[in-house]
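Those letters in the sequence shown? Residues 119 to 281, per the working numbering, in order. Positions of the beta carbon are idealized from the N, C-alpha and C atoms, including for glycine. Right, one structure below, let's go through it.
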Amino acid sequence: MTIVASELLVDQRLISRRARADRERSEVRARILESARHTLREGTMFDLTMQHLASDAGVSRQTIYRHFPTVQDVFRALSDEVIADIYSNLPDLPFSDPNYMTEFVEVAVNVFCADSKVVRVLVLTSAIGRASGDWVQVDPEQILLSALTAMPAAHRPVSRDPK
Numbered sequence: 119m120t121i122v123a124s125e126l127l128v129d130q131r132l133i134s135r136r137a138r139a140d141r142e143r144s145e146v147r148a149r150i151l152e153s154a155r156h157t158l159r160e161g162t163m164f165d166l167t168m169q170h171l172a173s174d175a176g177v178s179r180q181t182i183y184r185h186f187p188t189v190q191d192v193f194r195a196l197s198d199e200v201i202a203d204i205y206s207n208l209p210d211l212p213f214s215d216p217n218y219m220t221e222f223v224e225v226a227v228n229v230f231c232a233d234s235k236v237v238r239v240l241v242l243t244s245a246i247g248r249a250s251g252d253w254v255q256v257d258p259e260q261i262l263l264s265a266l267t268a269m270p271a272a273h274r275p276v277s278r279d280p281k
């Protein structure tokens, strides 16, 4: 009985240590990404270096490389956060609802404008990566075209531009 109790205690300690380590890794990753956002708000994409991130986040370059092997990985992580923010705030409407696309665009614009300096750099970096073939990423226009094509024609938004 004592062996079982001590094994249970060891298991609980191991679980606690792993949870703490996971939490600490997540916190460091978040600090690195916040440092990257700060750098992009205050400078240019060329200012985003591993050395600068390490200095700004208060960690070693090895820590930066452990989380993000390349600067492109930092840009991808920031882009993923922006996209995740959009998807987590999608309208609670069926896709076939005529107002869905309007609300989707409103959510996307709000997310893009909330940190427009960073988003502008991410769009530029993404375009450069696609043009050079270094960065495989889905084209946002293609996503919208696919979404609109999947909608019933009667529910597709129509331009209200004056003639």
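For residue j and residue i, the rounded distance between their alpha carbons
i, j, result
"residue 169", "residue 189", "11 Å"
"residue 230", "residue 162", "18 Å"
"residue 271", "residue 264", "13 Å"
"residue 193", "residue 130", "37 Å"
"residue 243", "residue 226", "19 Å"
"residue 235", "residue 125", "53 Å"
"residue 254", "residue 245", "Residue placement at residue 254 is flagged as unreliable, the pLDDT there being 49, under the threshold of 50; the coordinate-derived value follows with that caveat. For residue 254 and residue 245, the distance between alpha carbons rounds to 10 Å."
"residue 164", "residue 239", "10 Å"
Three-way DSSP call (helix, strand, coil) for residue i in this model
i, result
"residue 111", "Outside the displayed range of the chain (119 to 281) lies residue 111, so it cannot be described from this structure."
"residue 210", "coil"
"residue 269", "coil"
Buried or exposed (CB count within 10 angstroms, at least 16 for buried), residue i
i, result
"residue 133", "exposed"
"residue 157", "buried"
"residue 186", "buried"
"residue 182", "buried"
"residue 223", "exposed"
Is the stretch 209-227 touching the stretch 135-150 in the sense that three or more CB pairs, one from each, lie closer than 8 Å?
no
Do the stretch 201-210 and the stretch 140-159 touch if we need at least three Cβ pairs shorter than 8 Å?
Judged by Cβ distances under 8 Å, the stretch 201-210 makes no contact with the stretch 140-159, as fewer than three pairs qualify.
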